[in-house]
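Engineer:
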RNA sequence: GCGCGAUUAGCUCAGUUGGUAGAGCGGCGCUUUUACACAGCGAAGGUCGGGGGUUCAAGUCCCUCAUCGCGCACCA
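In our numbering, the protein residues as written are 218 to 958.
1) Using the rule of at least 16 other Cβ atoms within 10 Å of the residue's Cβ for burial, across every protein chain shown, is residue 475 buried or exposed?
2) Starting from residue 591 and walking both ways along the beta strand (DSSP E), at which residues does that stretch end?
3) Under 8 Å, do residue 757 and residue 245 count as touching if we go by C-beta distance?
4) May I have the straight-line CA-CA distance separating residue 799 from residue 727, to the nearest angstrom?
5) Whole angstroms is fine: what's the gap from residue 573's alpha carbon to residue 434's?
6) Please report the distance separating the alpha-carbon of residue 223 from that of residue 918.
7) Measuring only the C-alpha atoms, how far is residue 280 from residue 248?
8) Whole-angstrom Cβ separation of residue 813 and residue 767, contact assumed at under 8 Å?
9) Just to confirm my understanding: we take residue 354, look at its own chain, exclude 5 residues before and 5 after, and list those with CB closer than 8 Å. What are they?
10) Pick helix, strand or coil for residue 676, following the three-state DSSP scheme.
11) Are residue 252 and residue 302 close, meaning C-beta to C-beta below 8 Å?
12) Checking 8 Å against the spacing of the C-beta atoms, do residue 807 and residue 771 come in under that value?
13) Can you say whether residue 369 is buried or exposed, counting buried as having 16 or more other CB atoms within 10 angstroms of its CB?
14) Taking the Cβ atom as the reference point for each residue, do residue 529 and residue 540 lie within a distance shorter than 8 Å?
15) How long is the line joining the alpha carbons of residue 524 and residue 507, rounded to whole angstroms?
16) What are the partner residues of residue 820, as DSSP defines its beta bridges?
17) Which ranges does the alpha helix (DSSP H) cover as unbroken runs of at least 4 residues, wholly within the region 297-380, from first to last along the chain?
18) So, do the region 383-394 and the region 652-669 have three or more beta carbon pairs nearer to each other than 8 Å?
19) Could you say which of 599, 649, 457, 415 lies nearest to residue 579 if we only look at CA atoms?
20) On the CB-based measure, 16 or more other CB atoms within 10 Å of its CB, does residue 233 come out buried or exposed?
21) Which of helix, strand or coil does DSSP assign to residue 669?
22) Identify, in the order they occur along the chain, each residue of the same chain with its Cβ nearer than 7 Å to the Cβ of residue 587, setting aside the five sequence neighbours on each side.
23) From the DSSP output, which residues share a beta bridge with residue 579?
24) Helix, strand or coil for residue 950, going by three-state DSSP, please let me know.
25) Using 8 Å as the threshold, is the region 782-798 in touch with the region 666-673, meaning 3 or more CB pairs across them?
26) Which residues mark the beginning and the end of the alpha helix (DSSP H) in which residue 863 is found?
27) For residue 432, which residues of its own chain have a beta-carbon under 8 Å away from its beta-carbon, when the five flanking residues on both sides are left out?
28) Leaving aside the five residues before and after residue 495 along the sequence, list all residues of the same chain whose C-beta is less than 6 Å from its C-beta, in chain order.
29) Which runs of the beta strand (DSSP E) at least 3 residues long sit entirely within the region 386-467? Give them in chain order.
30) Beta-carbon within less than 6 Å of residue 630's beta-carbon, same chain only, minus the 5 sequence neighbours each way: which residues are those?
31) Compare the beta carbon distance of residue 985 and residue 548 with 8 Å and say whether it is the shorter of the two.
32) State the beta-bridge partners of residue 489 as determined by DSSP.
33) In three-state terms, what does DSSP make of residue 957?
34) Return yes when the Cβ of residue 256 is within less than 8 Å of the Cβ of residue 310, no when it is not.
35) Please work out which residues of its chain come closer than 7 Å, Cβ to Cβ, to residue 956, disregarding the five sequence neighbours upstream and downstream, and give them in chain order.
36) Determine, using beta-carbon pairs with one atom in the region 934-947 and one in the region 876-893, whether at least three such pairs fall under 8 Å.
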């Protein structure tokens with residue numbers, strides 16, 4: 218606008234109407250993006266950031282390409298964008314890297330579901346090649362939708378560095394990581410017990426198992442001289458070991474290894490007594506039989522004593538020939554029949570009706586997990602290895618360590634600041650219970666394991682490398698990797714690793730990661746693992762864990778409840794600024810947020826308030842302000858603002874975003890608008906030009922500084938107002954220096 | 001079973017190191033005055049889940065109980 222010499226300045230037409238976010242936001246985002254300033258190198262080039270400034274890096278937790286974003290993503294984007302904008306305005310070399318995650322199982326499952334709906338087809342009807350093509354197409358589509366949504370939120374991401382877990386560079390990183398861990402002996406192929414999802418026909422990791430409480434019948438059977446209890450009679454065919462605690466007085470007469478002949482489901486068998494501390498004398502009768510093929514705990518007992526393991530249930534959840542007359546039956550059908558038979562044989566002691574227990578189900582398919590012993594690929598978390606270079610305090614370069622130690626030490630030593638006490642405990646607890654990580658999946662979409670096999674006279678030959686081997690007869694492993702394998706490399710695969718790129722040197726370790734607490738084990742801990750092994754570094758210096766956005770009744774948003782909130786709809790109604798504020802204010806980072814539309818509405822009003830303040834200030838502006846000197850009174854007012862600004866700055870630096878937001882909101886509305894503006898009405902009509910001009914200058918300064926401080930939170934409306942201010946040599950507000958500096 | 005978190009105004013939630021209880025929304029009353037009715041002003045509304053303790057002083061620290069939520073383990 219043109220500065221005006223009258224008391225009453227002229228204001229742009231659009232300022233005379235209520236603030237209209239829809240009319241401003243898209244073009245403002247475009248302006249930011251076109252400026253190139255999301256890329257830190259452009260900031261340096263134009264002298265907005267010093268070349269030797271400290272780097273500040275965040276990688277966006279890459280959303281899954283399974284459809285559209287929900288309001289939880291909107292919250293996560295806001296959280297990070299506030300921090301990123303604040304750091305950029307404070308002169309840091311600020312980089313926020315965008316990306317998306319192929320989410321192997323989740324995405325394939327979505328497409329399979331669609332196939333099923335469209336014509337009852339399965340992936341096998343299409344074949345691997347065609348299926349993978351379709352999943353890629355679906356993923357591409359989701360990607361476009363998602364990236365559009367992220368832009369609408371105002372996220373200041375460096376799009377020139379966009380990464381996708383399945384793009385060429387990330388493929389290379391994944392294969393290289395695999396190869397190096399394979400060579401170090403940390404990735405191995407083994408015959409171990411895994412979580413088998415009979416519906417999805419794939420393994421899943423421990424962290425993808427969801428326990429559901431269920432009421433069941435609990436049976437007691439006569440097993441020779443023992444009475445055993447079980448909720449799963451259908452697994453008991455192969456049971457030929459009876460395990461008791463060595464200190465259990467009830468069973469002192471039996472010795473370890475003692476053979477006992479007894480009558481069982483399909484006739485007489487010979488059982489062996491095993492004494493192992495895993496058997497708890499207090500539970501049931503204190504004696505149990507074991508099914509090592511289909512139970513984690515039993516598997517471990519069997520391993521300890523080198524016992525036989527026999528498969529009872531097949532991959533489809535049906536009984537095998539070992540079940541005799543029951544072979545071929547699904548376990549659900551077989552259960553009652555087996556109990557009936559045992560009853561007839563006089564071996565049923567009693568049935569407990571209301572037995573509560575948890576059953577393991579698959580996070581993705583909902584199927585009951587059937588533990589199975591299978592040949593799969595694993596990462597050994599307890600296996601010692603020599604770490605060549607380590608910058609992690611407490612772990613010396615060239616020393617022997619394990620992945621588990623690495624993960625623990627990184628946080629314990631303070632190299633990673635995980636200062637939210639509750640989550641810190643959860644992290645350590647998780648590590649203590651950590652087993653080897655099963656990384657192979659029997660699906661088609663994802664990173665195919667870079668291992669090739671060839672039959673030779675001496676047996677099977679195995680080759681592992683980033684690229685396929687030369688020569689004939691090689692067949693690549695059909696399994697793909699757990700999606701979290703590639704996600705775990707994210708902080709450095711996005712920066713060009715395995716190449717020794719300048720980016721890697723400048724921006725890694727990243728400064729901050731801001732994930733939901735849900736993925737602390739799945740993602741955060743595994744990034745620590747991978748970064749520790751491959752770089753000898755922590756992946757990030759600080760973890761800022763945030764809560765979940767829930768529906769107003771406290772339940773999770775879910776498709777089945779159909780209680781989802783579409784962030785785009787909120788943006789359309791209230792503007793992105795209002796959505797951002799509504800999600801941040803009123804909840805400390807780390808606790809869950811109950812979504813409240815009325816709060817968002819409140820911040821739409823706030824944006825409008827700001828708009829009207831701008832109108833008042835500009836209406837009362839005159840060009841002579843440049844000569845104005847502050848009166849004592851106005852100096853006091855300005856100083857009061859600077860005190861507030863100081864505390865807002867501190868709150869931002871310490872990630873107390875909700876307090877910072879409240880502080881700026883309160884100042885603008887209650888101080889600036891209600892008090893300062895009101896008292897200005899008489900001062901501006903003063904006969905004394907010194908008083909009048911001082912006040913004009915004060916108002917413009919306050920407006921300019923408050924919108925600058927508000928910018929990280931409400932980037933759009935502040936940028937729109939800043940654009941109207943009569944300031945010389947203006948840059949975008951986004952790259953303006955934070956007023957405290 | 002072990003652990004974590006929550007319990008503050010009608011609703012949703014803040015309240016960093018202990019120092020006179022706050023916000024938004026809703027409800028009530030009044031008001032068109034250099035911005036704003038997408039507003040302003042005013043008043044109402046709280047024994048900070050119960051009980052006990054430490055302290056000059058406790059929403060805040062300690063103990064205990066209750067209710068709700070979550071995680072892990074067990075799941076013979």
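Yeah, the Cβ is synthetic: ideal placement off N, Cα and C, and Gly gets one too.
Structural biologist: Well, looking at it:
1) Taking the first residue of the first chain as position 1, residue 475 is located at position 258. When all chains shown are included, residue 475 counts as exposed.
2) Within the first chain, residue 591 is the residue found at index 374, counting from 1. Looking at the DSSP string, the run of the beta strand (DSSP E) that includes residue 591 is 587-596.
3) For this step, residue 757 is matched to residue 540 along the first chain. For this step, residue 245 is matched to residue 28 along the first chain. Not in contact: residue 757 and residue 245 (Cβ atoms no closer than 8 Å).
4) Indexing the first chain from 1 puts residue 799 at position 582. Indexing the first chain from 1 puts residue 727 at position 510. Rounded to the nearest angstrom, the two C-alpha atoms are 28 Å apart.
5) Locating residue 573 in the first chain gives position 356, counting from the first residue. Locating residue 434 in the first chain gives position 217, counting from the first residue. Using only the alpha carbons, I get a separation of about 9 Å.
6) Along the first chain, one-based indexing puts residue 223 at 6. Along the first chain, one-based indexing puts residue 918 at 701. Low confidence applies here, because residue 223 scores a pLDDT of 38, under 50, leaving its location unreliable; read the following figure in that light. Roughly 19 Å separates the two Cα atoms.
7) Against the first chain, residue 280 aligns to sequence position 63. Against the first chain, residue 248 aligns to sequence position 31. Near 25 Å, if we compare the C-alpha coordinates of residue 248 and residue 280.
8) Indexing the first chain from 1 puts residue 813 at position 596. Indexing the first chain from 1 puts residue 767 at position 550. Going by Cβ atoms, the distance from residue 813 to residue 767 rounds to 11 Å, so no, they are not a contact pair.
9) The residue labelled residue 354 in the question sits at position 137 within the first chain. For residue 354, where only same-chain residues beyond five positions count, there are no Cβ hits under 8 Å.
10) Locating residue 676 in the first chain gives position 459, where the first residue counts as 1. Residue 676 falls in the strand class under three-state DSSP.
11) One-based indexing of the first chain puts residue 252 at position 35. One-based indexing of the first chain puts residue 302 at position 85. No, the Cβ-Cβ distance between residue 252 and residue 302 is not below 8 Å.
12) Numbered from its first residue, the first chain carries residue 807 at position 590. Numbered from its first residue, the first chain carries residue 771 at position 554. Taking 8 Å as the Cβ cut-off, residue 807 and residue 771 do not qualify as a contacting pair.
13) For the purposes of this step, residue 369 is taken as residue 152 along the first chain, with counting starting at 1. Result: buried.
14) Taking the first residue of the first chain as 1, we reach residue 529 at position 312. Taking the first residue of the first chain as 1, we reach residue 540 at position 323. Going by C-beta atoms, residue 529 is nearer than 8 Å to residue 540.
15) As a position in the first chain, residue 524 is number 307, starting the count at 1. As a position in the first chain, residue 507 is number 290, starting the count at 1. Distance between the alpha carbons of residue 524 and residue 507: 10 Å.
16) On the first chain, residue 820 is found 603 positions in, with the first residue counted as 1. Its beta-bridge partners do not exist; DSSP assigns none.
17) 321-336, 340-343, 345-369
18) yes
19) Along the first chain, read from residue 1 onward, the residue named residue 579 stands at position 362. Closest by alpha carbon: 415.
20) Translated into positions along the first chain, residue 233 becomes position 16. Its Cβ having fewer than 16 others within 10 Å, residue 233 is exposed.
21) In the first chain, residue 669 corresponds to position 452, counting from 1. DSSP places residue 669 in strand when its eight states are reduced to three.
22) By 1-based counting over the first chain, the position of residue 587 is 370. Result list for residue 587: 413, 415, 511, 530, 534, in chain order.
23) Taking the first residue of the first chain as 1, we reach residue 579 at position 362. Residue 579 is bridged to 426.
24) In the first chain, residue 950 corresponds to position 733, counting from 1. It is helical.
25) no
26) Stepping through the first chain from its first residue, residue 863 is reached at position 646. That run of the alpha helix (DSSP H) goes 849-870.
27) Reading the first chain from its first residue, position 215 is the one you call residue 432. Hits under 8 Å: 571, 572, 573.
28) Against the first chain, residue 495 aligns to sequence position 278. Answer for residue 495: 518, listed in chain order.
29) 404-414, 419-421, 426-440, 443-447, 458-461
30) Against the first chain, residue 630 aligns to sequence position 413. So the qualifying residues of the chain are 610, 611.
31) Examination of residue 985 is not possible in this model, given that the chain is present from 218 through 958 alone.
32) To locate residue 489, count along the first chain from 1; it is residue 272. Answer is 458, 476, bridged to residue 489.
33) Within the first chain, the letter at position 740 stands for residue 957. Residue 957 falls in the coil class under three-state DSSP.
34) Your numbering for residue 310 matches position 93 in the first chain. Your numbering for residue 256 matches position 39 in the first chain. No, they are not a contact pair.
35) Taking the first residue of the first chain as position 1, residue 956 is located at position 739. 862, 922, 925, 926, listed in sequence order.
36) no
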